[in-house]
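Notes to accompany the following structure.
There are 2 protein chains.
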Amino acid sequence: MSAGAIPVEPLAEEETLSLGERAYRRLRDGIVQGTLRPGSRISERSMAHALGISAQPVREALRRLEQDGMVVTLPRRGTVVAEIGPERLAELGRIRAALEGVAAALAAERMSGEVLAELAQIVRGMRSATAAADTEALAELNERFHAILQGATGNLFLVKSLEALRAYDDLGRLRALGSTPKDMPKALREHASILAALKARDPALAEARMRHHVLRSLTTNGVLAAPRQGR
Amino acid sequence: MSAGAIPVEPLAEEETLSLGERAYRRLRDGIVQGTLRPGSRISERSMAHALGISAQPVREALRRLEQDGMVVTLPRRGTVVAEIGPERLAELGRIRAALEGVAAALAAERMSGEVLAELAQIVRGMRSATAAADTEALAELNERFHAILQGATGNLFLVKSLEALRAYDDLGRLRALGSTPKDMPKALREHASILAALKARDPALAEARMRHHVLRSLTTNGVLAAPRQGR
DNA sequence: CCCTGCCAGCTGCTATAGCAGTTGTCCATG
DNA sequence: CATGGACAACTGCTATAGCAGCTGGCAGGG
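Protein chains in written order, with the working numbering: chain G, 263 to 493; chain R, 263 to 493.
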């Protein structure tokens, strides 16, 4: 009710996450990195012992992974890592494009001027990073752009779904690593056009441009095949 | 490896679900039906005692509900029911429309002839149900139509996401109950046109029609407002 | 040799107990 | 009266133990 002028920042994202959260990320990374091969069985007990924790957090992580579609649990029989082939990755990419499109549409309606200015700042950073050919900074800026836009929707379901899909995105890069070689200017132009649509408060245009951007990006990275399936 | 001609059917979906699953549905229904008001706190222990079970299944249910966006948990502080206003329902409706559209596109590419025939059978049932003005049968057929189509994609993530969104759908009907009064013929025509696109193996067309159908349906039910935001 | 039924060893699932933070109240203190 | 600190009562979170169901192999009867 009080505390309006205390000159301290809140603790910046403590790294002491819950064991369930850590187990979730650990297992997720193991799956997308190929350490946990598709079809391999994951026992709650043995995995708990391997991680040095109890079985409950592991179970919790497995349930979340199941909802993400990364593992499949047969009741009273076992949990196995799901097969994630190229075609499945392509499907998830199209789902991601659709969801990011909706996020852009919602953001165009609700986004505040401050957040809009923040995005403009990021696009400016992208411009200089592109000129300097700084791929690492560009990747981070790209992530922030999408994260801020999604957060601006204020929709938990949307944010969590896209967060789950982002993990698969990492898996796709294993097949076509070394991305963002020469299409950096194209990505910059796309982000700028999306920002313009957001500024114009045009949901349909923002959605179309965002969707096209994601699909084009996935196509460039080799996740999606042909330039067919036009938006 | 054997057993090719045993004249018995497998046990039809035993109703003995896990406690976690039952707690999840119970809490979810409580939220969408208004028994658990937005902002009210849900304690793992007290809820477990109220349901006559242990705290673990309740916790598991709460985590799933959190991923669905129905509750929000502050670590070490408590879990409260999230606010779900009309604008949030509208957002979720648009997300659902986008996801069902992607499902239709994927189905148009992968769907087998048998499943296609099954859908055709359902549409035929819809035709007669519409003629008989049997709203109850029509609702069930509609649910089966979408469920079969989504299942035909074989995408776990898509299916589970849409399943979660379906729960919100029930919440929307509380505000505008007594739906499907006169738009039955329109829904029938839309389903038939979607089926035609699926038969033609036209992903883009199937997606556009499905999306339009869902948006139109939500608009008729009052979940979405204006006929704006044109696909 | 083949088939059938039992049984040890897994599995996910649930219950109980206790840990570690957070919060609100109440009392001692300035 | 106002203020700060400690304590009690929560909370979510984790660990341990044990339940019920499934699987595979092994022995015993045909």
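For glycine and all other residues, C-beta sits at the position ideal for the given N, C-alpha and C.
Residue state for residue 303 of chain R is assigned as strand, using DSSP reduced to three classes. Neighbourhood of residue 422 of chain G in chain R, by CB distance below 8 Å: 329, 331, in chain order. Rounded to whole angstroms, the separation of the alpha carbons of residue 361 of chain R and residue 411 of chain R is 12 Å. Under DSSP, residue 340 of chain R forms a beta bridge with R:336. Across the segment 344 to 375 of chain R, CB contacts with chain G closer than 8 Å involve 344, 350, 353, 354, 356, 357, 360, 361, 363, 364, 367, 368, in sequence order along the chain.
Contacts with chain R at 8 Å (Cβ-Cβ) do not include residue 290 of chain G. Taken through DSSP and simplified to helix, strand or coil, residue 417 of chain G comes out as coil. Residues of chain R whose Cβ lies closer than 7 Å to the Cβ of residue 306 of chain G do not exist; the shortest such Cβ separation is about 13 Å. Contact between residue 356 of chain R and residue 364 of chain G holds: their C-beta atoms lie close to 6 Å from each other, under 8 Å. For residue 464 of chain G, the three-state secondary structure derived from DSSP is coil.
Residues of the segment 396 to 420 of chain R whose Cβ lies closer than 9 Å to any Cβ of chain G, in chain order: 415, 416, 417, 418, 419, 420.
The C-alpha of residue 367 of chain G is placed about 6 Å away from the C-alpha of residue 466 of chain G. For residue 318 of chain R, the enclosing alpha helix (DSSP H) has its first and last residue at 317 to 330. Boundaries of the alpha helix (DSSP H) around residue 291 of chain R: 281 to 294. Rounded to whole angstroms, residue 281 of chain R and residue 287 of chain R show a C-alpha spacing of 10 Å. Going by DSSP, residue 390 of chain R is part of the alpha helix (DSSP H) stretching over 375 to 394.
Listed along the chain, the chain G residues whose CB falls inside 9 Å of the CB of residue 322 of chain R are 321, 322, 325. The beta carbon of residue 344 of chain G sits closer than 8 Å to the beta carbons of 300, 331, 332, 333, 334 from its chain, once the five residues preceding and following it are set aside; these are given in chain order. Taken through DSSP and simplified to helix, strand or coil, residue 448 of chain G comes out as helix. Here residue 364 of chain R carries a helix assignment [DSSP, helix/strand/coil]. In the structure shown, residue 485 of chain R adopts coil according to DSSP, grouped into three states. Assigned with DSSP and collapsed to three states, residue 355 of chain R falls in helix. In this structure, the alpha-carbon of residue 444 of chain R lies about 49 Å from that of residue 448 of chain G. Put simply, the backbone Cα of residue 481 of chain G is about 20 Å away from that of residue 392 of chain G.
For residue 328 of chain R, the closest of R:455, R:473, R:426, R:450 by C-alpha to C-alpha distance is R:426.
Between residue 457 of chain G and residue 382 of chain G the beta-carbon gap is near 6 Å, inside 8 Å, which marks them as a contact.
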